[in-house]
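> Mind having a look at this structure? Questions to follow.
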Amino acid sequence: MAYLDSPCKGICHSRKFDGVMMCSGCMRYPEEIEGWFDMTDEQRQSILKELPHRNPKQWKLMNPDKEFPDE
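Everything in the sequence shown is counted per my numbering, starting at 67 for the first residue and increasing by one.
In structure tokens, the structure reads:
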């Protein structure tokens with residue numbers, strides 16, 4: 067598997083979404099951001115698959131140029 071780049075958007079701002087602290091740019095939890103470069107590609111892929119489902123409405127509003135499956 068190829069190395070997976072960070073989903074960071076460069077607009078980092080930690081805030082609470084539904085009571086959970088996340089980055090409003092990439093929707094990752096603080097511990098995922100801090101540990102990203104120490105994770106395996108499998109761990110990163112797992113996080114990337116979860117991101118659109120953490121708060122799909124908010125994620126789609128912040129990333130209108132991307133397509134996400136409606137699972």
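No residue lacks a Cβ here, since even glycine has one placed at the ideal position from N, Cα and C.
#1: Taking all protein chains shown into account, decide if I77 is buried (16 or more other Cβ within 10 angstroms of its Cβ) or exposed.
#2: What residues in its chain sit with their C-beta under 6 angstroms from that of I113, if we drop five residues either side in the sequence?
#3: According to the Cβ coordinates, are R94 and L117 closer than 9 angstroms?
#4: So is P74 buried or exposed if we call it buried at 16+ other beta carbons inside 10 Å?
#5: Restricting to runs no shorter than 4 residues, where is the alpha helix (DSSP H) found entirely within the stretch 69-101?
A quick look at the data gives this:
#1: Classification for I77: exposed.
#2: Taken in chain order, the residues that qualify are E98.
#3: Yes. Within cutoff.
#4: According to the sequence displayed, residue 74 carries Cys and not Pro. Using a 10 angstroms sphere on the CB of C74, the tally of other CB atoms stays under 16, which defines it as exposed.
#5: Contiguous alpha helix (DSSP H) elements confined to the stretch 69-101 occur at 96-101, taking only those with 4 or more residues.
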